[in-house]
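J.: Protein sequences appear in the order of chains L and P. In terms of my numbering, the first sequence opens at residue 1 and continues consecutively. In terms of my numbering, the second sequence opens at residue 273 and continues consecutively.
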Amino acid sequence: MPITVKTFGSAGEAASALSSDRAARYLGGGTLVMRALNEGDISISTIVRANDHALRRIDAAGPRVTIGAGVTFAKILAERDLAFLHAPARSIGGPAVRNMGTVGGNLFAPNPYGDFTVALLALDATVTVQGGFGARNVPIEEFLQSRDRQAGSLVISISCQKPTNSEAFRYRKITRIRPKGGSVITLAAYVPLSSGRLLDARLALGSMAPMPIRARAAERALEGRPLDASSISAAASAITEGTSPVDDALGSAWYRREIAGVHLRRLLSGQE
Amino acid sequence: MSKTALQFRHNGRDVAIFVDGGTNLLVALRELIGDMTPKFGCGQGGCGACSVLIDGELHLACLTLAETVAGRSIETLDGIKQGPNLHPLQRAFADNFAAQCGYCTPGMLMAAKALLDRNPQPSRAEVIEAISGNICRCTGYEPIINAVLAAASSRARA
Numbered sequence: 001m002p003i004t005v006k007t008f009g010s011a012g013e014a015a016s017a018l019s020s021d022r023a024a025r026y027l028g029g030g031t032l033v034m035r036a037l038n039e040g041d042i043s044i045s046t047i048v049r050a051n052d053h054a055l056r057r058i059d060a061a062g063p064r065v066t067i068g069a070g071v072t073f074a075k076i077l078a079e080r081d082l083a084f085l086h087a088p089a090r091s092i093g094g095p096a097v098r099n100m101g102t103v104g105g106n107l108f109a110p111n112p113y114g115d116f117t118v119a120l121l122a123l124d125a126t127v128t129v130q131g132g133f134g135a136r137n138v139p140i141e142e143f144l145q146s147r148d149r150q151a152g153s154l155v156i157s158i159s160c161q162k163p164t165n166s167e168a169f170r171y172r173k174i175t176r177i178r179p180k181g182g183s184v185i186t187l188a189a190y191v192p193l194s195s196g197r198l199l200d201a202r203l204a205l206g207s208m209a210p211m212p213i214r215a216r217a218a219e220r221a222l223e224g225r226p227l228d229a230s231s232i233s234a235a236a237s238a239i240t241e242g243t244s245p246v247d248d249a250l251g252s253a254w255y256r257r258e259i260a261g262v263h264l265r266r267l268l269s270g271q272e
Numbered sequence: 273m274s275k276t277a278l279q280f281r282h283n284g285r286d287v288a289i290f291v292d293g294g295t296n297l298l299v300a301l302r303e304l305i306g307d308m309t310p311k312f313g314c315g316q317g318g319c320g321a322c323s324v325l326i327d328g329e330l331h332l333a334c335l336t337l338a339e340t341v342a343g344r345s346i347e348t349l350d351g352i353k354q355g356p357n358l359h360p361l362q363r364a365f366a367d368n369f370a371a372q373c374g375y376c377t378p379g380m381l382m383a384a385k386a387l388l389d390r391n392p393q394p395s396r397a398e399v400i401e402a403i404s405g406n407i408c409r410c411t412g413y414e415p416i417i418n419a420v421l422a423a424a425s426s427r428a429r430a
């Protein structure tokens, strides 16, 4: 069935079009929506697009960075001020997918995709969403919990605080194929030290639940303690608490639980 | 349902077609323009067989909504041979046995071209990274990597 394509000049108009049509889907880089069409997804009858420069803007000069939802991973990799996001951006797809896939779309990518979102979750990013009645800011964790009910609104941008130093933010994607492959598990850790102790440490996991999740129990094991063998051990043994991984072609749920602590330990102790 | 008029440059030549809403660029190239060099592999962005250059940037034609390329320049494998002569990358693929069944070859060549266009002397690791989105089920990749490196070094000598 042919699809109606509606292209707008502004994100606001696109958001209005989305809120008035339940069968409309926003097309960003195409890696999710075009794939759905290629697979015969008949729930999509309208594609909405926006040629809005604001969606492709990167504001990374200050301590808080804002990234337009339509920014591709290739653009992130070309931006020196976003060096802390280069590892997650590089872990996605091959070069073609990085030239197409966007930060906003990644928020909706189902397992085993959505690795960039795992990084943003550990950075406690804020998602700016435009609905029919204006924009609002949503904490990323809250956004993810309701992402399947986001029809009728459009993600405009994502913002987060830059880590104070390169040691404070760490990321690792475990794949079966090098250099590229779907995630067996993905880990991101925000571990800022204040006078030698961890303050507001955040750990995020990908492919350990239907969507990226925070590992709260492991975070509690780190909080207020130095980043040393004993706190890392405590976090590693708590890392699977609250997770619900599944068996898929890349790994079994059992395997994912077994390796999560191992890779968290390596990530936090700075091992390869 | 009306069709949408679409104009773009295809291998240096202006083309104009009418597409149905939702048509992807791969279908537009193969079925409406008749350029059979980009291949349909998975339709999911997983295999790279449909890789083309859009304004010099590597993209997957099967995941590109055709009408988003209006006014842009598309380059496919069909456009890279120079008259009767093979492109140096094609020559290197032949010389290094980098093609067996050949289905991944157009995508591999476009991914390799995208790399060499901006990085004429890549390292082995950079070649591996550049073709990491392209799946080959025959060669085991080594001959392909060697071919891209050989094309780069022959270009350096030329």
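Glycine included, C-beta positions come from ideal geometry on N, C-alpha and C.
Check the Cβ-Cβ distances between Ala23/L and every residue of chain P, and say whether any is below 8 Å.
T.: The residue labelled residue 23/L in the question sits at position 23 within the first sequence. So no, Ala23/L is outside the interface.
J.: Just to check, is the beta-carbon of Phe133/L closer than 7 Å to a non-hydrogen atom of the ligand NAP?
T.: In terms of ligand content, the structure shown is empty, and the ligand NAP therefore cannot be addressed.
J.: Can you give the beta carbon distance from Ser166/L to Phe84/L, rounded, assuming they're within the 8 Å contact cut?
T.: Counting from 1 along the first sequence, the entry for residue 166/L is found at position 166. Counting from 1 along the first sequence, the entry for residue 84/L is found at position 84. Correct: roughly 7 Å between the Cβ atoms.
J.: Counting only beta-carbon separations shorter than 8 Å, does Leu123/L have a partner in chain P?
T.: In the first sequence, residue 123/L corresponds to position 123, counting from 1. Taking Cβ atoms only, chain P never reaches closer than 8 Å to Leu123/L, which makes this a no.
J.: Pick helix, strand or coil for Asp115/L, following the three-state DSSP scheme.
T.: Taking the first residue of the first sequence as 1, we reach residue 115/L at position 115. Of the three classes helix, strand and coil, the one that applies to Asp115/L here is helix, per DSSP.
J.: Hey, does Leu278/P have any beta-carbon neighbour from chain L nearer than 8 Å?
T.: As a working note, residue 278/P is residue 6 in the second sequence. It does not: the Cβ of Leu278/P has no partner Cβ on chain L nearer than 8 Å.
J.: Spatial neighbours of Arg225/L within its chain, please: C-beta separation below 7 Å, excluding the five flanking residues on both sides.
T.: Here the question's residue 225/L lines up with position 225 in the first sequence. Excluding positions up to five away in sequence, the list reads Arg197, Leu198, Ser231.
J.: Just to make sure I have the definition right: I need the residues of chain P whose C-beta is within less than 8 Å of the C-beta of Leu77/L. Which are they?
T.: Along the first sequence, read from residue 1 onward, the residue named residue 77/L stands at position 77. Neighbours of Leu77/L on chain P: none; closest Cβ ~11 Å, over 8 Å.
J.: By how many angstroms is the C-alpha of Arg57/L removed from the C-alpha of Arg216/L?
T.: For the purposes of this step, residue 216/L is identified with residue 216 of the first sequence, where counting begins at 1. For the purposes of this step, residue 57/L is identified with residue 57 of the first sequence, where counting begins at 1. Roughly 33 Å separates the two Cα atoms.
J.: Any beta carbon of chain L sitting closer than 8 Å to that of Thr348/P?
T.: The count along the second sequence starts at 1 and reaches residue 348/P at position 76. Output row for Thr348/P: interface = no.
J.: Indicate the three-state DSSP secondary structure (helix, strand or coil) for Cys334/P in the structure shown.
T.: One-based indexing of the second sequence puts residue 334/P at position 62. Three-state result, Cys334/P: helix.
J.: Roughly how many angstroms separate the alpha carbons of Gly261/L and Ser159/L, rounded to a whole number?
T.: Locating residue 261/L in the first sequence gives position 261, counting from the first residue. Locating residue 159/L in the first sequence gives position 159, counting from the first residue. Roughly 29 Å separates the two Cα atoms.
J.: For chain L, is any of its Cβ atoms less than 8 Å away from the one on Thr309/P?
T.: Walking along the second sequence from the start, residue 309/P turns up at place 37. It does not: the Cβ of Thr309/P has no partner Cβ on chain L nearer than 8 Å.
J.: Please list the terminal residues of the continuous alpha helix (DSSP H) segment that includes Pro95/L.
T.: By one-based count along the first sequence, residue 95/L stands at place 95. From DSSP, the alpha helix (DSSP H) with Pro95/L extends over 95-100.
J.: Under DSSP, the alpha helix (DSSP H) around Arg429/P begins and ends at which residues?
T.: For the purposes of this step, residue 429/P is taken as the residue at position 157 of the second sequence. Residues 414-429.
J.: Quick check on DSSP: helix, strand or coil for Val48/L?
T.: Looking up residue 48/L in the first sequence gives position 48. Here Val48/L sits in strand by DSSP.
J.: Starting from the C-beta of Arg427/P, find all residues in its chain whose C-beta is less than 8 Å away, skip the five residues before and the five after it, and write them out in chain order.
T.: Here residue 427/P refers to the residue found at position 155 when the second sequence is read from its first residue. Correct list, in chain order: Pro360, Leu388, Pro392.
J.: For a contact meaning CB atoms closer than 9 Å, what does Glu39/L contact in chain P?
T.: Position 39 of the first sequence, counting from 1, holds the residue named residue 39/L. Those within 9 Å of Glu39/L in chain P are Gly315, Gln316.
J.: Using three-state DSSP, classify Arg344/P as helix, strand or coil.
T.: One-based indexing of the second sequence puts residue 344/P at position 72. DSSP places Arg344/P in coil when its eight states are reduced to three.
J.: Determine the closest residue to Gly343/P out of Asp327/P, Pro356/P, Met382/P, Thr295/P, with distance taken between C-alpha atoms.
T.: Here the question's residue 343/P lines up with position 71 in the second sequence. Residue Asp327/P is the option with its Cα nearest to Gly343/P.
J.: What residue range does the alpha helix (DSSP H) around Gly261/L cover?
T.: As a position in the first sequence, residue 261/L is number 261, starting the count at 1. Counting along the chain, the alpha helix (DSSP H) containing Gly261/L begins and ends at 253-268.
J.: Using CA atoms only, rank isn't needed, just tell me which of Ile92/L, Arg172/L, Ala189/L is closest to Lys75/L.
T.: The count along the first sequence starts at 1 and reaches residue 75/L at position 75. Answer by Cα proximity: Ile92/L.
J.: I need the boundaries of the beta strand (DSSP E) containing His282/P, first residue and last residue.
T.: Position 10 of the second sequence, counted from the start, is the residue given in the question as residue 282/P. Start and end: 276-282.
J.: What three-state label does DSSP hand Asp59/L in the structure shown?
T.: Sequence index remark: in the first sequence, residue 59/L carries index 59 (1-based). Strand at Asp59/L.
J.: So is Asn106/L in contact with chain P if we call contact Cβ pairs under 8 Å?
T.: On the first sequence, residue 106/L is found 106 positions in, with the first residue counted as 1. Not closer than 8 Å to any Cβ of chain P, the Cβ of Asn106/L fails to qualify, so no.
J.: Do you know how far the Cα of Leu335/P is from the Cα of Met34/L?
T.: Position 34 of the first sequence, counted from the first residue, corresponds to residue 34/L. Position 63 of the second sequence, counted from the first residue, corresponds to residue 335/P. Each residue's Cα considered, the two are about 5 Å apart.
J.: Measure the alpha-carbon distance for Leu358/P versus Cys408/P and round it to whole angstroms.
T.: Residue numbering aside, residue 358/P sits at position 86 when the second sequence is read from its first letter. Residue numbering aside, residue 408/P sits at position 136 when the second sequence is read from its first letter. Cα to Cα, the separation comes out at about 21 Å.
J.: Kindly provide the ranges of any beta strand (DSSP E) runs that are 3 or more residues long and lie completely inside the segment 279-310 of chain P, ordered along the chain.
T.: Counting whole runs of 3 or more residues, the segment 279-310 of chain P contains the beta strand (DSSP E) stretches 285-291.
J.: Anyone know if the C-beta pair for Val5/L and Leu297/P falls short of 8 Å?
T.: On the first sequence, position 5 is the one that residue 5/L refers to. On the second sequence, position 25 is the one that residue 297/P refers to. Against a cut-off of 8 Å, the Cβ pair of Leu297/P and Val5/L comes out as no contact.
J.: Could you have a look at Arg214/L and say whether DSSP puts it in helix, strand or coil?
T.: Along the first sequence, read from residue 1 onward, the residue named residue 214/L stands at position 214. Strand.
J.: Classify Thr164/L as buried or exposed, calling it buried when 16 or more other Cβ atoms lie within 10 Å of its own Cβ.
T.: In the first sequence, the residue the question calls residue 164/L occupies position 164. It is exposed - the Cβ of Thr164/L has fewer than 16 other Cβ atoms within 10 Å.
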